[in-house]
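See structure below.
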Amino acid sequence: MDATRPTVASGAPVSPDLPAEAGRRIQEELAPLGVEVALDARRRAEYSYDASNYRVPPLGVVFPRDTNDVVAVVHACVRHQVPLTSRGGGTSLAGNAIGPGIVLDFSRHMNRVHVIDSGSRTAFVEPGVVLTDLQERVQLATDGRFTFAPDPSSKSRATVGGCIGNDACGNHSVRYGRTAHHIVALNVVTARGNRLTATRSGVFATDSADEAARAEADQISAGLKDLTERHLAAFRLELAKIPRQVSGYHLADLLPENGFDVARALVGSEGTCAVVVSATVSLVPVAPAALLLCLGYDDIVDAARDNALILEYSPAAIEGIDAVIVDTMRHLRGTDSVMGLPAGQAWLYVDLDGDDPTQVQTRADDMVARLKAVGRLVDARVVADPAERASLWRVREDGAGLSARLVDGRESWTGWEDSAVAPAQLADYLVEIKALLASFGLTGVMYGHFGAGCMHIRIDFDQRTAEGRATMAEFIDRAADLCVRFGGSMSGEHGDGRARSELLPKMYSAEMMAAFGEFKRLWDPAALLNPGNIVDPDPLTRNMSLAGVDGRDWPISFDLTPRTDVPVAPFVHAVQGCIGVGRCRASSGGVMCPSYRATGDEKDSTRGRARALQEMVRNSPTVAQGWRSEEVRESLDLCLSCKACSTDCPVGVDMATYKSEFFDHYYRGRRRPLSHYSLGWLPLWLRLIERSAPVVNLLTAGRAGRITARLGGLTTQREMPAFASRRRIRRALGAAGDQAGDRADVVLLADTFTRAFRPEAAGAAARVLNQAGLSSQCRTDVCCGLTWISTGQLDQARKSLTKAAARLDDGTDRPIVVMEPSCAAAFRKDLPELVHTDAARRVAARVRSFAQMVPAMVEKGWQPTRSVPEKVTVQTHCHEYAVFGAATQRKALNAIGVSDVREATGCCGVAGNFGFEADHYEISMKVAEQALAPALRAGDDSEIVLTDGFSCHMQVRQLAPNRNSMHLAQLLDPEGHPGTPDTAKTGDNCWQ
């Protein structure tokens with residue numbers, strides 16, 4: 001048998017390049033049953049990757065809605081000998097969530113929690129439920145008394161099915177073990193299409209009246225018992241020797257002393273034996289008292305040396321990181337993105353818990369005293385502040401992504417990222433693995449589950465050249481030998497997948513490998529389930545995603561040049577930044593990705609868009625039209641250009657920039673959508689409109705406004721804003737004044753949106769600055785070109801920005817305070833990326849948002865004379881969040897004494913032109929429900945809503961027209977009236 005290719009029952013090989021006709025036949029057969037089989041190029045591009053080094057384009061993708069759909073798909077695949085791969089969140093680091101046939105994505109529909117039973121401490125769930133969603137549901141249903149224990153770093157997007165497939169563990173596995181330890185029963189569909197239930201004591205037909213299922217259950221049961229009896233010694237001697245022995249199949253669970261536990265034996269089988277359609281999982285109690293200790297060390301080996309002592313104190317978690325990850329986080333997100341670390345170059349996070357807070361604290365104090373006495377500990381602190389704890393855990397949880405693109409521009413990769421040894425041997429193992437890395441001239445970024453002896457190491461392999469891939473394969477081969485010598489497991493929770501399955505004979509005897517093969521064949525005799533993994537594996541260097549990338553140049557407008565030399569065009573390198581960790585698929589935390597949160601469709605995630613772009617730059621058959629690709633345009637359609645991914649994505653994928661660049665090329669020589677002219681050219685129209693604003697306002701209101709909206713490609717469901725007249729602008733900006741001209745302390749930029757729609761905010765800002773002792777020079781003669789950027793009209797954007805840079809580069813370092821956060825972000829980030837001059841870089845460095853200025857003024861002794869409310873709702877502007885920092889508005893409000901800040905941290909849904917476009921209104925309102933609408937409902941009509949962004953202001957008007965929405969400058973205006981904008985001085989009321 002050819003060990004590199006899966007086989008079917010007849011012995012004929014399953015073709016790695018399946019004919020499209022097979023997919024069409026399956027599609028036709030399943031259509032009458034209501035099962036949608038997606039065969040289009042865009043879908044295949046999205047599902048060609050997971051979070052590993054591999055790329056395997058599927059034949060098609062199915063989103064099953066229930067078990068009946070799964071059964072129908074399995075039968076169709078068996079008839080046509082098409083492989084089948086189960087997929088959850090697609091976060092596999094080993095390549096076990098991709099396959100050449102049909103991919104079943106359970107995360108979209110089969111994600112329900114059916115039963116939570118606190119009495120039996122169990123939950124009955126579908127495989128697509130995300131871990132954090134399950135944990136929240138359980139804690140809500142049990143008043144916080146119980147939770148589902150496995151908590152891998154990807155828990156905000158990883159699914160229960162994926163955890164079952166890989167036998168995932170997580171940060172608290174030192175206390176709670178692996179997923180296998182929390183599985184009571186699995187309902188599966190076999191490769192023959194029967195429904196079986198695997199339990200802690202055997203396997204049975206799910207429906208006892210189903211004769212075919214009963215017969216298969218009996219056959220499998222007899223086969224498993226015979227297999228176990230013939231290999232008793234091997235199972236006992238080779239399996240389950242260390243806490244994190246995940247490599248291979250868990251056949252030790254079939255031993256008599258383990259009760260013939262078929263459910264646990266299937267955990268970690270990576271979808272190669274059966275398709276899991278539901279599971280009964282056990283729940284664990286939540287300790288009422290807990291604290292986090294952060295311990296600092298000089299290096300990662302010293303930290304590992306203290307492992308044994310710390311384990312004596314029964315910690316719930318011992319997690320380790322090194323300084324590279326911390327440096328990368330601070331480089332990407334600012335120095336305050338990591339708070340609370342003690343001194344050191346490597347750190348351990350130790351969770352201690354118990355029933356009594358005093359006893360927990362006593363244990364912590366005793367442990368630290370003993371560690372100090374040993375002498376390796378550099379510094380330690382108890383982290384009590386919830387914000388600091390969240391910050392520290394985010395560093396650890398984002399480790400895989402953060403370490404992919406390092407501060408100096410190097411790339412690091414998986415491949416040897418999941419080895420495990422006995423916890424007592426971890427330090428010695430690290431000494432030798434570091435020496436092995438040095439012998440190859442490689443650098444490893446290290447983090448992991450120290451308490452369980454599992455190390456995650458991302459390594460700066462060169463995967464872009466044949467020589468580099470050969471070196472990678474040689475290193476992994478040597479590392480596998482080293483791991484086996486320590487009695488370790490090559491996989492500690494990520495699974496073997498395509499990354500390590502080929503190496504299993506190093507770890508196991510020929511007898512054990514034969515037993516693995518027999519185990520799979522009992523369940524999957526045709527070898528159709530997730531081929532290429534564990535049994536009959538593909539070589540570890542086959543199907544690598546960076547091999548065979550099209551080497552042509554991709555001329556672009558944005559400067560995306562990497563900080564290090566790579567043998568690909570800058571645009572190619574940029575879009576390949578997505579490594580698939582899938583944080584954009586999280587349903588909570590941060591802002592990314594609002595469109596995915598609205599639709600739940602991989603197409604609308606940052607990752608899905610990046611995968612389409614990656615296929616485009618490969619010039620692959622999947623997406624072969626380059627800049628003219630309709631698949632990519634469709635993928636980018638619902639991107640709100642919120643920029644949140646540039647910050648929230650651990651590797652900083654900047655989809656707003658990539659979208660702008662793509663649209664610039666896609667629409668050259670083509671007719672654009674009407675909104676690209678009506679909204680994209682808004683700066684030009686606004687200059688013309690201010691001359692006749694009263695007349696234009698009549699044409700954009702009421703019935704006439706709906707007609708005007710349709711003509712411009714805009715929605716008729718949203719009220720158009722009133723345009724400021726020239727008289728109103730002069731009056732408002734006259735208040736802003738030009739107090740000292742070129743000698744002023746600050747340049748106050750009344751951007752295009754502020755000038756056109758709420759010029760009073762600029763007057764308020766000038767008065768606030770003046771009160772703080774800062775003279776201001778008000779400028780209205782420049783534009784950031786944002787609407788041209790967001791619609792991909794980059795020639796015009798560059799002209800606007802070039803002119804702005806020339807006018808603002810005045811030879812000073814005076815702050816340039818921009819009223820509109822999106823315009824401030826464009827000047828700070830897009831200006832130097834589109835205009836490649838020293839002047840552009842100098843101007844960008846001077847730009848501040850107004851909220852940024854407030855804490856700086858307070859630090860110099862200023863306090864507002866106008867009384868500020870105790871409670872404020874603030875819509876965090878996405879661009880300000882991404883470019884100036886997530887806490888910008890909160891810092892400003894805290895600085896002036898606002899104690900109760902309700903933050904709507906999430907895109908408002910309007911996002912410039914997006915929410916005004918007719919095709920996007922519905923999604924816009926769904927996005928608003930993620931943060932802004934709930935925040936508005938939580939307050940009352942008397943509560944002020946801060947909306948520094950005009951788009952955010954318009955969405956508040958749409959959702960809650962009675963709420964008082966204003967700019968921060970208006971809240972602080974010394975001449976304003978508490979709680980209301982100062983309309984008395986404006987001549988007309990822009991709030992109506």
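For the sequence shown, the UniProt record's numbering begins at 1 and goes up steadily by one.
The beta-carbon is built from N, C-alpha and C at its ideal position, and this holds for glycine as well.
{"Asked": "C-beta atoms of residue 994 and Leu196 nearer than 9 Å", "Found": "The chain is shown only over 1 to 992; residue 994 falls outside these bounds and no answer can be derived."}
{"Asked": "Boundaries of the alpha helix (DSSP H) in which Ile707 is found, first to last residue", "Found": "Gly702 to Leu711"}
{"Asked": "Backbone CA spacing between Ala3 and Asp355 [nearest angstrom]", "Found": "For Ala3, the predicted model reports a pLDDT of 35, less than 50, meaning its position is unreliable; a value from the coordinates is still stated below. Looking at the two C-alpha atoms, the distance is approximately 54 Å."}
{"Asked": "Reduced DSSP category for Met455 - H, G, I as helix; E, B as strand; rest coil", "Found": "strand"}
{"Asked": "Three-way DSSP call (helix, strand, coil) for Ser629 in this model", "Found": "coil"}
{"Asked": "At least three beta-carbon pairs within less than 8 Å, the stretch 766-786 to the stretch 856-863", "Found": "yes"}
{"Asked": "Delimiting residues of the alpha helix (DSSP H) encompassing Ile98", "Found": "Premise fails: Ile98 is in no alpha helix (DSSP H) and is neither H nor E."}
{"Asked": "Lys985 versus Arg731: straight-line alpha-carbon distance, rounded", "Found": "Low confidence applies here, because Lys985 scores a pLDDT of 34, under 50, leaving its location unreliable and the question unanswered by this model."}
{"Asked": "Ser491 versus Ala420: straight-line alpha-carbon distance, rounded", "Found": "7 Å"}
{"Asked": "Bridge partners - Cys294, DSSP secondary structure assignment", "Found": "Tyr349 and Arg381"}
{"Asked": "Arg585 beta carbon less than 9 Å from that of Glu602", "Found": "yes"}
{"Asked": "Boundaries of the alpha helix (DSSP H) in which Glu432 is found, first to last residue", "Found": "Leu426 to Ser439"}
{"Asked": "Which of helix, strand or coil DSSP assigns to His494", "Found": "coil"}
{"Asked": "Anticipated Cβ contact below 8 Å, Ala918 with Gly713, distance rounded", "Found": "6 Å"}
{"Asked": "Three CB pairs or more closer than 8 Å across the stretch 499-508 and the stretch 463-470", "Found": "no"}
{"Asked": "Neighbour-count burial assignment, Lys829, 16 or more Cβ in a 10 Å radius", "Found": "buried"}
{"Asked": "Where the beta strand (DSSP E) through Gly271 begins and ends", "Found": "No beta strand (DSSP E) contains Gly271, which DSSP labels as neither H nor E."}
{"Asked": "Contact check, Thr787 vs Gly912, beta carbons under 9 Å", "Found": "yes"}
{"Asked": "Own chain, CB closer than 6 Å to Ser48, minus 5 neighbours either side, in chain order", "Found": "Arg55 and Pro57"}
{"Asked": "Cutoff 8 Å; reference Ala20; Cβ partners in own chain excluding five residues on either side", "Found": "Leu39 and Leu59"}
{"Asked": "Cβ neighbours of Pro285 in the same chain (closer than 7 Å, five flanking residues each side left out)", "Found": "Arg145 and Phe146"}
{"Asked": "Beta-bridge pairing of Asp105 - partner residues as DSSP gives them", "Found": "Arg87"}
{"Asked": "Host alpha helix (DSSP H) of Val575 (start-end)", "Found": "Pro570 to Val575"}
{"Asked": "Alpha carbon of Met446 to alpha carbon of Ile457, nearest angstrom", "Found": "5 Å"}
{"Asked": "Element boundaries [beta strand (DSSP E), containing Ser965]", "Found": "Asn964 to Met966"}
{"Asked": "Rounded separation between Gly669 and Ala805 - CA only", "Found": "29 Å"}
{"Asked": "Nearest-angstrom Cα separation, counted from Asp604 out to Asp948", "Found": "27 Å"}
{"Asked": "Cβ shell of Asp50 (< 6 Å), same chain only, five flanking positions each side left out", "Found": "Gly90, Ser92, Ala97, Ile98 and Gly580"}
{"Asked": "Under 9 Å between C-beta atoms of Ala886 and Gly590", "Found": "yes"}
{"Asked": "Distance between Arg583 and Gly976 (C-alpha atoms, nearest Å)", "Found": "43 Å"}
{"Asked": "Alpha carbon of residue 1053 to alpha carbon of Asp900, nearest angstrom", "Found": "Residue 1053 lies beyond the range of the chain shown here (1 to 992); nothing can be said about it."}
{"Asked": "Supposed contact pair Arg798 and Ser403 - C-beta distance, whole angstroms, cut 8 Å", "Found": "Contact doesn't hold; Cβ gap of about 35 Å is too wide."}
{"Asked": "Where the beta strand (DSSP E) through Asn187 begins and ends", "Found": "Ile183 to Val189"}
{"Asked": "Residue of Ile26, Leu348 and Ser675 minimising C-alpha distance to Val301", "Found": "Leu348"}
{"Asked": "Residues near Gly344 by beta carbon distance below 7 Å, same chain, minus five either side", "Found": "Gly296, Tyr297, Asp298, Val378 and Asp379"}
{"Asked": "Cβ distance (whole Å) where Asn53 is taken to contact Thr414 below 8 Å", "Found": "6 Å"}
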